[in-house]
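S.K.: For the sequence shown, numbering that gives the first Met the number 0 gives the first residue as 0, with consecutive numbering after it.
Handing you this structure, nothing more for now.
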Amino acid sequence: MFWLPLLLLAWAVAGVTCLRLCLAAVRGAAAADSGAGADRDLTLYEAAFLSGGPGRVADVTLVAMARQRRLLLAHTGWATVVDPRGRDEMERSVIGAMGPRGQSPLAPVRAAAATADAVRGIAERLAGAGLAVPDGAGTNVARAVRQVRLAVPAVAVLGAAALLMPVPSDVPRPLVALWFALPLLFTLGCLAIARFEVHPGSPWASPAGQRLLDALPRAAGAAGDERAYLTSVAVRGVHAVGEPELRAAFAHRGPHEGP
């Protein structure tokens, strides 16, 4: 009965990972949606944070300053300050990250701006309004989903190993396969539920925040071309940047940075 320990291990892997996913989803749902700010308009920085987190806020700030010719983003990935007077706290964070020479590679500037006090303030305000998921709960759900995804091939490998082992003559191999199919179906079912119920469109936005994001394209069109352009960058990331040289500059970000 050497396959029994493998079956127990398969159930342990499936049970632990699915339990973590359920706990992360419940905690995120309990913390996320108070609905207090569901009827207000999002600022550009708030839309960027809800769509892509701190890095997206830094990106939209850099793009806005570059389009206003107050910051030069070269296709080589270097950023140069043209106008040292920041118009808000976020712009001042970007300028400060350039250093005293006013010039720096883009990757460290983006990283420093994404961790600035201005971004933390945005996150706290959005979480307080029930629009953002606080304390990394959304990323906890995403991490739990990845763990369940890894559990699926792990259970399948354990089942295959059990089928390759000698089994007693009174235990049909199809029955062994059926026993291992149960934890496999359990993990697949958790993933299916997560896809439709607990895995958000953005790991940063609560359900109320996501509804405001979904309404942004319609609202942005009436606000002018520049506002609509920057809103598109805030929601979609630097993939929405139209200028080839600007896109080339963002291609030089750090190798582990997201879009």
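By construction, the Cβ of each residue, glycine as well, lies at the ideal position given by its N, Cα and C atoms.
Round the Cβ separation of Leu-229 and Ala-122 to the nearest angstrom and send it over; I've been treating them as touching at under 8 Å.
M.R.: Along the sequence shown, one-based indexing puts residue 229 at 230. Along the sequence shown, one-based indexing puts residue 122 at 123. The Cβ separation is near 20 Å, so there is no contact.
S.K.: Pick from Ala-57, Thr-79, Ser-205 and Ala-247: whose alpha carbon is nearest that of Met-89?
M.R.: Translated into positions along the sequence shown, residue 89 becomes position 90. It is Ala-57.
S.K.: Provide the residue span of the beta strand (DSSP E) that contains Trp-77, from first to last.
M.R.: Position 78 of the sequence shown, counted from the start, is the residue given in the question as residue 77. Segment 77–80, the beta strand (DSSP E) holding Trp-77.
S.K.: Is the segment 223–243 in contact with the segment 146–154, if contact means three or more CB pairs nearer than 8 Å?
M.R.: The answer is no - the segment 146–154 does not touch the segment 223–243, with fewer than three Cβ pairs under 8 Å.
S.K.: For the alpha helix (DSSP H) containing Pro-173, name the first residue and the last one.
M.R.: Your numbering for residue 173 matches position 174 in the sequence shown. Pro-173 -> alpha helix (DSSP H) spans 172–192.
S.K.: For Ala-128, does the three-state DSSP call read helix, strand or coil?
M.R.: Locating residue 128 in the sequence shown gives position 129, where the first residue counts as 1. Ala-128: coil per DSSP, three-state reduction.
S.K.: Pick helix, strand or coil for Ala-47, following the three-state DSSP scheme.
M.R.: As a working note, residue 47 is residue 48 in the sequence shown. Helix.
S.K.: Give a yes or no on contact between the segment 7–15 and the segment 163–172, applying the rule of three or more CB pairs nearer than 8 Å.
M.R.: Touching, no, given that fewer than three Cβ pairs across the two stretches are closer than 8 Å.
S.K.: Report the rounded CA-to-CA distance for Gly-54 versus Ala-113, giving the unit in angstroms.
M.R.: Taking the sequence shown and counting its residues from 1, the one referred to as residue 54 is at position 55. Taking the sequence shown and counting its residues from 1, the one referred to as residue 113 is at position 114. About 5 Å.
S.K.: Quick check on Ala-222: buried or exposed, where buried means 16 or more other Cβ atoms within 10 Å of its Cβ?
M.R.: Counting from 1 along the sequence shown, the entry for residue 222 is found at position 223. Low confidence applies to Ala-222: its pLDDT is 45, below 50, so where it sits in the model is not reliable enough to give any reading.
S.K.: From what residue to what residue does the alpha helix (DSSP H) around Ser-231 run?
M.R.: For the purposes of this step, residue 231 is taken as residue 232 along the sequence shown, with counting starting at 1. 224–235 is the span of the alpha helix (DSSP H), which, as asked, contains Ser-231.
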